[in-house]
Amino acid sequence: MQPLTEDEVRAVLVNAAPDELDRVALPPDFLLVDWDHLDFLAWRDPRTRSRAYVVAEIDGSPTGVVLRATDGSGRGRPAMCNLCHTMQPGDQVALFTARRAGDAGARGDSVGTYVCADLGCHENVRLAAPLAPSEVRASVDRRIDGTRHRVESFVERVVVAA
């Protein structure tokens with residue numbers, strides 16, 4: 000992924016209202032991000048845990064979305080992240096929603112999916128050992144490519160007006 004500055008990250012958040020852009024809190028380790036080994040940038044807002052962000056490269060250009068998260072607590076059954084396809088304990092998967100960009104978002108349209116609550120999909124697909132007995136592992140490279148593709152598809156669904 001191409002390196003981004005804090006201002007560039009704010010500028011690519013396509014579904015953020017102007018007042019939301021002022022409240023964006025980057026991850027504490029933002030200055031240490033190894034951009035060469037990053038498929039996409041995803042983090043929970045350190046100040047407001049119900050807010051999160053994902054930035055992916057769509058057709059070579061960074062594009063980001065603001066997400067809202069449920070707390071994910073109280074679910075006892077294992078669940079699968081729809082982005083990295085990793086099985087997690089139920090309390091470690093949360094529903095994330097994103098208001099669509101443009102007029103669709105102004106009408107209240109949104110897109111949602113279940114994602115690892117810590118947004119650690121980038122690391123999860125790089126683990127070699129299965130996380131659950133019933134989980135079938137593809138090659139690590141295929142898992143990385145699949146996750147990147149699903150993240151990009153999710154971001155595109157937010158950008159494209161319904």
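Under numbering that gives the first Met the number 0, residues 0 to 161 are what the sequence shown spells out, in order. Don't be surprised by glycine CBs; every beta carbon is placed ideally from N, CA and C. These numbers were taken from a predicted model, which means no experiment stands behind them.
CA-to-CA distance, residue j to residue i, given in whole angstroms
i, j, result
"A105", "D144", "33 Å"
"L20", "A78", "32 Å"
"T69", "A93", "6 Å"
"Y52", "G63", "7 Å"
"G75", "V154", "29 Å"
"G89", "R67", "18 Å"
"Q87", "P2", "30 Å"
"R125", "G59", "23 Å"
"A10", "V23", "11 Å"
"F29", "Q91", "23 Å"
"G119", "L37", "12 Å"
"D33", "D117", "19 Å"
"T112", "V13", "18 Å"
Status (buried if at least 16 other CB within 10 Å, exposed otherwise) for residue i
i, result
"V139", "exposed"
"D6", "exposed"
"E122", "exposed"
"V159", "exposed"
"P61", "buried"
"T146", "buried"
"R142", "buried"
"T85", "buried"
"L31", "exposed"
6 Å CB neighbourhood of residue i in its chain, flanking five on each side removed
i, result
"V110", "A97, R156 and V157"
"A15", "V65"
"P26", "W42"
"R149", "L82"
"V114", "C80, L82 and F95"
"R50", "D44"
Spatial neighbours of residue i in its chain, beta-carbon cut-off 8 Å, leaving aside the 5 residues before and after
i, result
"I57", "E151, V154, E155 and V158"
Cut-off 7 Å between Cβ atoms - residues of its own chain near residue i, not counting five sequence neighbours on either side
i, result
"A55", "F39, T62, V150, E151 and V154"
"A161", "Because the pLDDT at A161 is just 43, under 50, the model does not fix this residue reliably, and the point stays unresolved."
Discussion item. Below 8 Å, how does it come out for the segment 40-47 and the segment 96-113: are there three or more Cβ pairs, yes or no?
Written reply: With a cut-off of 8 Å on Cβ pairs, the segment 40-47 is not in contact with the segment 96-113, counting fewer than three such pairs.
Fill in: Runs of alpha helix (DSSP H) wholly within the segment 68-131 (minimum 4 residues, chain order)
Within the segment 68-131, the complete alpha helix (DSSP H) segments of 4 residues or longer fall at 101-105 and 120-123, listed in chain order.
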